Amino acid sequence: VTDQAFVTLATDDVYCQGALVLGQSVLRSVFDEVIEVDALDSADSVRLALLQRPELGVTFTKLHCWTLTHYSKCVFMDADTLVLCNVDELFDREEFSAAPDSGWPDCFNSGVFVFRPSLKTYNLLLQFAAEHGSFDGGDQGLLNSFFSNWATADIGKHLPFIYNLSSSAVYTYVPAFNHFGRDAKVVHFLGATKPWNYKYNLQTKRLSFLALWWNIYSASILPLLEKLQKTEQSESEERKNNQITVFLLLCFFLQNEVTHSVSELSIHLKPEEPNPEDERRKWEEGRMDYMGKDAFEHIKKKLDTFLL
458 VTDQAFVTLA TDDVYCQGAL VLGQSVLRSV FDEVIEVDAL DSADSVRLAL
508 LQRPELGVTF TKLHCWTLTH YSKCVFMDAD TLVLCNVDEL FDREEFSAAP
558 DSGWPDCFNS GVFVFRPSLK TYNLLLQFAA EHGSFDGGDQ GLLNSFFSNW
608 ATADIGKHLP FIYNLSSSAV YTYVPAFNHF GRDAKVVHFL GATKPWNYKY
658 NLQTKRLSFL ALWWNIYSAS ILPLLEKLQK TEQSESEERK NNQITVFLLL
708 CFFLQNEVTH SVSELSIHLK PEEPNPEDER RKWEEGRMDY MGKDAFEHIK
758 KKLDTFLL
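If you use my numbering, the sequence shown corresponds to residues 458 to 765, in order.
Structure representation (structure tokens):
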């Protein structure tokens, strides 16, 4: 099938790392087509401040995916998702199929959804955005308002949670994760802290989903970047300037940032000492201390004290 595609979006340098790993997890090869688009920004700093996520404004650029009219149907996946197994069955779904958002299940999460490219829909979305904006300042609020009957119109357009499993669900509903987690197909690293914000030791592997992300990155993406760097160095300046692809433009930043040795890395967050109020707020925002007190084994131990 050549008229269907998985689609993702990289709006800045760091999200390119996620897009590369996602592409590898979906196809075991990196993208067949890379399209450069103009950035769209909601410029809604007030509502975004409520989410503590000002960077989400630029996610309005996601609307460009409806212009990919050379495809009949697409599955969009955020660059901070990771595909665990074949998910081609998603193409059997219709627009607008998506999974419930864990924070408000009457809304869908816009990190994974099925859509049909259409310039008519694209223009209607732009018009809707101009007239109504977004209740959260990002694409998710806009899309939920535009596809406002998603919650009640057709249960067939409700994707199971396993197609957009929030990484925070591992910690917020442990029994459900223990029961259903083995069937997970797509993991979504929600919140401000992403896999590429961690450092990783290949021998540690203390977090399965996070370890899988880093395994793919170190095994498939780093060698690709090294190869691209060598190729670029061997080309003339004129050839680089005239023929470098958008894909290379998206990825070139990684050449200079990959200064670490994977064998010397260890998983840790930047040290900080949050007060209880900060910790509670981070939980509400989906920003858990995966490596510290919020590690699964610690939460399970705490639950056991109440259940045993």
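Where a beta carbon is used, it is the ideal one built from N, C-alpha and C, also for glycine.
Bear in mind the structure is a predicted one, so any value in this text is a computation, not a measurement.
Local Cβ density within 10 Å of residue i, reported as buried at 16 or more and exposed below that
{"i": "glycine 594", "result": "buried"}
{"i": "histidine 589", "result": "exposed"}
{"i": "asparagine 635", "result": "exposed"}
{"i": "cysteine 542", "result": "exposed"}
{"i": "threonine 465", "result": "buried"}
{"i": "aspartate 469", "result": "exposed"}
{"i": "histidine 645", "result": "buried"}
{"i": "serine 605", "result": "exposed"}
{"i": "glutamine 461", "result": "exposed"}
{"i": "alanine 633", "result": "exposed"}
{"i": "leucine 587", "result": "According to the sequence shown, residue 587 is alanine rather than leucine. Answer is exposed; the Cβ neighbour count stays below 16."}
{"i": "asparagine 601", "result": "buried"}
{"i": "leucine 707", "result": "Legend: pLDDT at leucine 707 = 30, less than 50; position of this residue unreliable, no value from coordinates given."}
{"i": "isoleucine 673", "result": "buried"}
{"i": "glutamine 423", "result": "In the structure as shown, the chain begins at 458 and stops at 765. Residue 423 is therefore absent and cannot be evaluated."}
{"i": "glutamine 474", "result": "buried"}
{"i": "aspartate 778", "result": "The structure shown does not extend to residue 778, since the chain spans only 458 to 765, so no value can be given for it."}
{"i": "leucine 576", "result": "exposed"}
{"i": "glutamate 694", "result": "With a pLDDT of 49 at glutamate 694, under the threshold of 50, the modelled position of that residue is not reliable, and the figure given next carries that caveat. Flag for glutamate 694 reads exposed."}
Residue of the options minimising C-alpha distance to residue i
{"i": "leucine 537", "options": "Ser605, Leu477, Asn672 and Ser602", "result": "Position check: residue 537 holds aspartate in this sequence, whereas leucine was assumed. The shortest Cα separation from aspartate 537 among Ser605, Leu477, Asn672 and Ser602 belongs to Leu477."}
{"i": "leucine 525", "options": "Glu546, Glu551, Ala555 and Ile492", "result": "Ile492"}
{"i": "phenylalanine 463", "options": "Val643, Glu683 and Asn654", "result": "Val643"}
{"i": "glycine 560", "options": "Gly598, Ala676, Lys577 and Ile678", "result": "Gly598"}
{"i": "leucine 484", "options": "Lys684, Thr688 and Ser677", "result": "Ser677"}
{"i": "proline 562", "options": "Pro617, Lys687 and Phe533", "result": "Pro617"}
{"i": "threonine 609", "options": "Ala555, Gln686, Tyr674 and Phe666", "result": "Ala555"}
{"i": "alanine 641", "options": "Val631, Leu647, Tyr655 and Leu622", "result": "Leu622"}
{"i": "leucine 582", "options": "Phe603, Val544, Ile612 and Phe572", "result": "Phe603"}
{"i": "lysine 530", "options": "Asp489, Asp549, Gln481 and Gly475", "result": "Asp549"}
{"i": "serine 625", "options": "Ile612, Trp607, Lys651 and Ser567", "result": "Lys651"}
{"i": "tyrosine 579", "options": "Lys519, Tyr674 and Lys684", "result": "Lys519"}
{"i": "aspartate 596", "options": "Cys522, Val631, Leu679 and Tyr630", "result": "Cys522"}
{"i": "tryptophan 607", "options": "Leu679, Val540, Phe553 and Phe637", "result": "Phe553"}
{"i": "phenylalanine 572", "options": "Gln686, Lys687, Phe585 and Val532", "result": "Val532"}
{"i": "histidine 567", "options": "Pro680, His527, Val544 and Phe517", "result": "The amino acid at residue 567 is misidentified as histidine; the sequence shows serine. Ranking the options by Cα distance to serine 567, first place goes to Phe517."}
{"i": "lysine 739", "options": "Val569, Phe585 and Ala649", "result": "Ala649"}
Where the beta strand (DSSP E) containing residue i begins and where it ends
{"i": "phenylalanine 463", "result": "461-464"}
{"i": "serine 554", "result": "554-558"}
{"i": "histidine 645", "result": "643-645"}
{"i": "threonine 576", "result": "According to the sequence displayed, residue 576 carries leucine and not threonine. First-last for leucine 576: 576-589, but that is the alpha helix (DSSP H), not the beta strand (DSSP E)."}
{"i": "leucine 539", "result": "538-540"}
{"i": "valine 491", "result": "Run containing valine 491: none; DSSP gives neither H nor E here."}
{"i": "lysine 530", "result": "530-534"}
{"i": "phenylalanine 572", "result": "561-572"}
For residue i, the first and last residue of its enclosing alpha helix (DSSP H)
{"i": "alanine 632", "result": "Note on residue identity: the sequence assigns proline, not alanine, to residue 632. Start and end: 631-637."}
{"i": "asparagine 601", "result": "596-603"}
{"i": "cysteine 522", "result": "Segment: none, cysteine 522 is in no alpha helix (DSSP H) and carries neither H nor E."}
{"i": "tryptophan 607", "result": "607-610"}
{"i": "valine 544", "result": "Note, valine 544: premise wrong, no alpha helix (DSSP H); not H, not E."}
{"i": "glycine 480", "result": "470-484"}
Whole-Å CB distance - residue i paired with residue j, under 8 Å assumed
{"i": "glutamate 551", "j": "lysine 614", "result": "6 Å"}
{"i": "tryptophan 653", "j": "valine 471", "result": "6 Å"}
{"i": "proline 574", "j": "phenylalanine 565", "result": "At roughly 19 Å, the Cβ-Cβ gap does not stay under 8 Å, so proline 574 and phenylalanine 565 are not in contact."}
{"i": "phenylalanine 592", "j": "isoleucine 619", "result": "Phenylalanine 592 to isoleucine 619, Cβ: 27 Å. No contact."}
{"i": "leucine 539", "j": "leucine 647", "result": "No, leucine 539 and leucine 647 are not in contact; Cβ-Cβ is about 12 Å, not under 8 Å."}
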